[in-house]
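Heads up, the thing below is written out as structure tokens.
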Amino acid sequence: MIEKYRLGKTSYGGEIYWLEAEKPWEIPALRCVISTGKLRKEEADVEDAISYFNKNPSEAKDLVGRVYRQKHSSVAELSKEGVYLKGVSRLFTFVSWMAIGAPRGIQGVGTEKSLRRVKVKDFVDNGEKGIKELCENSFEMYKELARAGYELEDARYILPLATKTEEIIQVPLGRELGKWSNYLSSLYFTEAGEVGKTLKKLNLEKSGLDISELPSKENYMPLFMRDKIPQRKWLESAKGCSYTPYFDTLVMSIKGSIASFHQQVRDRQERILWPSWEEVVMSDKYVLPSPLKPRSRFIGGIYKTAQDLGEEFWKDSKIES
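Sequential numbering from 1048 applies to the sequence shown in our numbering.
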């Protein structure tokens, strides 16, 4: 039996829920559904899945077993609680993952809605001039690429961080949820601060602990370029790793395939030498997967608009925009 409790909303309409389950595999089963958007080969959302698993409890365990055997190993990290965040931006989910994973300071697992299931009308609009038009143009390009036969796995590169998404995160009550809520509260973004404040209150009520800890600063994406200096020194001192300027990241002394940047974040295994937000905003460079390069002239126009807007907002100290 899965129970869902509404904790609050963000200023941009995102919804914050607390999940509690009778069996430890029930919330991981919801994570399977949030990723694919399907249950028994039919379209389904989290609410559909809760209703179904409450009526058919054995199927939640079976689903987790099948997904685990498909090598999605984190779904087998079981617990009876979770945080469900609905209608939040990709910016929020991106920064929310940064500190999660034992090597990065906070124990936890989770699953985010696949961008292949994005609805082209869903994005966060903070009212700043130019953002709504930019998002609409990005979504139109996304639809055009899909119609032209491009894989959605590639087409999603055009989607802005304002795109709405959802995720289920399972972080243990007490110290770990306290650290995560403090981390979110310390960031520069409205959504993160509001979610962090809500979860800190929940953690105090559920665990009785008022946690003041934060994950180490090397797990943050620095705001300014100058903030990278102490971070770089700490990371370069880590044994078994070497800093590679070409990739502007750390290379670990292990063998493996090259995964996407976002997937590395979600796998929770690597410490990453983050660029600063200042560098990201002020840079005129962008990355496209090889299949999209024939369309680079058209896509580049959208990126150029985004970069110009970002630089203008940064100079006006509108960091969140």
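Note that the Cβ used here is the ideal one computed from N, Cα and C, for glycine as well. None of the values given here were measured: they were computed from a predicted structure.
Original post:
Can you name, in chain order, every residue of its own chain whose Cβ lies under 6 Å from the Cβ of isoleucine 1305, other than the five neighbours on each side?
Top reply: For isoleucine 1305, the pLDDT reaches just 41, beneath the cut-off of 50, and the residue's location in the model is therefore unreliable, leaving the point undetermined.
Subject >> Per DSSP, the bridge partner or partners of isoleucine 1153 >> reply: The partner list for isoleucine 1153 (beta bridge, DSSP) reads Ile1147 and Gly1148.
**OP:** Return helix, strand or coil for valine 1171, following the three-state DSSP convention.
**Re:** coil
**OP:** Compare the C-alpha of glutamine 1217 against each of Pro1341, Leu1125, Ser1120 and Lys1362 and name the closest.
**Re:** Leu1125
Original post:
Between the C-alpha atoms of tyrosine 1064 and tyrosine 1052, what's the straight-line distance to the nearest angstrom?
Top reply: 5 Å
**OP:** Would you list the residues sitting across from tyrosine 1064 in a DSSP beta bridge?
**Re:** Arg1053 and Tyr1131
Original post:
Among residues of its own chain, excluding the 5 on either side of leucine 1054, which ones have a beta-carbon nearer than 7 Å to its beta-carbon?
Top reply: Around leucine 1054: Ile1063, Tyr1064, Trp1065, Thr1245 and Leu1249.
Subject >> Residue ranges of each alpha helix (DSSP H) within the region 1066–1091, 4 or longer >> reply: 1073–1083
Original post:
Taking lysine 1133 as the reference, which of Asn1101, Ser1120, Gly1112 and Val1093 has the closest Cα?
Top reply: Val1093
Original post:
Quick one: what does DSSP say serine 1185 is sitting in, helix, strand or coil?
Top reply: helix
Original post:
Grouping DSSP H, G and I as helix and E and B as strand, with all else coil, what is isoleucine 1366?
Top reply: Here isoleucine 1366 sits in coil by DSSP.
**OP:** Check each candidate in Lys1226, Pro1207, Ala1146 and Glu1260 and name the one with the smallest Cα separation from glycine 1357.
**Re:** It is Pro1207.
**OP:** Label alanine 1202 either buried or exposed according to how many other C-beta atoms from any shown protein chain fall within 10 Å of its C-beta, with 16 as the threshold for buried.
**Re:** buried
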